[in-house]
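Accompanying notes for the structure given below.
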Amino acid sequence: MRASAAERIGNYTLLAVFGLFALGPIVTILAAALGPDDAGSGSSGFGNFGKAWEIGHFGTYLRMSVAVSVTVVVVSVLLSILSGYAFGTMRFRGAGVLFYLFLIGIMMPTEAIVVPLYFDLRTLGLTDTFWAVALPQVAQSVAFGAFWMRAYFRSASRSMVEAARLDGAGSWRTLWQVLVPPARPALVTLVVLVFMWTWNEFLIPLVMVTSESLRTAPLGLAFFSGQYTSGFTLLAAGAVIVGTPVVLVYAFLQRHFIAGMLEGAVRE
Numbered sequence: 001m002r003a004s005a006a007e008r009i010g011n012y013t014l015l016a017v018f019g020l021f022a023l024g025p026i027v028t029i030l031a032a033a034l035g036p037d038d039a040g041s042g043s044s045g046f047g048n049f050g051k052a053w054e055i056g057h058f059g060t061y062l063r064m065s066v067a068v069s070v071t072v073v074v075v076s077v078l079l080s081i082l083s084g085y086a087f088g089t090m091r092f093r094g095a096g097v098l099f100y101l102f103l104i105g106i107m108m109p110t111e112a113i114v115v116p117l118y119f120d121l122r123t124l125g126l127t128d129t130f131w132a133v134a135l136p137q138v139a140q141s142v143a144f145g146a147f148w149m150r151a152y153f154r155s156a157s158r159s160m161v162e163a164a165r166l167d168g169a170g171s172w173r174t175l176w177q178v179l180v181p182p183a184r185p186a187l188v189t190l191v192v193l194v195f196m197w198t199w200n201e202f203l204i205p206l207v208m209v210t211s212e213s214l215r216t217a218p219l220g221l222a223f224f225s226g227q228y229t230s231g232f233t234l235l236a237a238g239a240v241i242v243g244t245p246v247v248l249v250y251a252f253l254q255r256h257f258i259a260g261m262l263e264g265a266v267r268e
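Now the structure itself:
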């Protein structure tokens, strides 16, 4: 049934209003970042980004965030594929109980586990290291990734799997050559979500590391704001620097990301 002209106008009006709410803060931050420096340093425009980059040491923070994000995405996506394949296509003793244990990782907030996790990692001598930031986020991402990939593998074509097995393909070959290639939208969606969550994570780096060289970009921005509370322009420039990588990743992968989300919605 086609929508009437009044319904289309109402839909577009509603979308425009929500679009203004979403874009308003972004435009405000960009305008502030490109405006004259209110701290009185004389910089303006793109010079604010250069000054914020130099004073805030964002080069170091961004390198740390990139290293953590790439490590977490690669390891968690690989483990999510393997665990999702096991939960979605195999039947073994204790599968249900083990899967619900995975789901606890989704339901448990970071604030509830960060303190005992800190003492566990300190006992292992891992605090104030790269792995103290990366490993907890791998665990949290695998919890969601296993749930996400299990749903995909459970809804995958059984005829493809049966045909592969009739041709003599084992479980490993069936996974990587039959099931994974068509799963690209679901995998890209998982990559984007895990990257976004990892990049924006603040509490774990704050608790786990003290060295400046191990600070991630959001944590570095928090320390930068403490130094420049009187200069909103440089703080806005720093916020744009920190937020740009997530925007670029989403813009580059948005077609596959939306396809994966719609595919999951249709299957549900």
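Under the working numbering, the sequence shown has 11 at position 11, and the numbering climbs by one with no breaks. Glycine included, C-beta positions come from ideal geometry on N, C-alpha and C.
N-terminal and C-terminal residue of the alpha helix (DSSP H) that residue i is part of
i, result
"Pro116", "Thr110 to Thr123"
"Arg150", "Phe130 to Ser155"
"Met107", "Ala95 to Met107"
"Phe58", "Phe58 to Thr89"
"Thr189", "Arg184 to Asn200"
"Leu203", "Leu203 to Met208"
Which of helix, strand or coil DSSP assigns to residue i
i, result
"Phe18", "helix"
"Leu248", "helix"
"Arg255", "helix"
"Ser159", "helix"
"Arg173", "helix"
"Pro36", "coil"
"Leu214", "helix"
"Ser4", "coil"
"Thr233", "helix"
Cβ-Cβ distance between residue i and residue j below 8 Å
i, j, result
"Val138", "Val77", "no"
"Ala134", "Val209", "no"
"Thr198", "Met64", "no"
"Val114", "Ile204", "yes"
"Ile106", "Phe153", "no"
"Ala32", "Phe232", "yes"
"Asn48", "Leu248", "no"
"Leu253", "Val194", "no"
"Leu166", "Tyr85", "no"
"Ala143", "Phe102", "yes"
"Ile81", "Met149", "yes"
"Asn200", "Pro181", "no"
"Tyr118", "Thr127", "yes"
Member of the options whose CA lies at the smallest distance from the CA of residue i
i, options, result
"Phe224", "Ser211, Gly238, Leu214 and Ser213", "Gly238"
"Thr60", "Glu201, Ile241, Ser159 and Gly35", "Ile241"
"Leu190", "Ile26, Leu79 and Tyr118", "Leu79"
"Glu212", "Leu62, Leu166, Ala156 and Gln140", "Leu62"
"Glu162", "Leu179, Thr110 and Pro116", "Leu179"
"Gly56", "Gly220, Tyr250 and Ile258", "Gly220"
"Pro36", "Tyr85, Lys51 and Leu23", "Lys51"
"Glu111", "Pro245, Val207 and Leu103", "Val207"
"Gly136", "Asp120, Val66 and Ala151", "What sits at residue 136 in the sequence shown is Pro, not Gly. Considering only alpha carbons, the answer is Asp120."
"Arg158", "Thr89, Gly10 and Arg184", "Thr89"
"Pro245", "Ile258, Met196 and Ala236", "Met196"
CB contact check: residue i to chain B, cutoff 8 Å
i, result
"Pro181", "Given the protein chain composition of this structure (a single chain), no chain B is represented."
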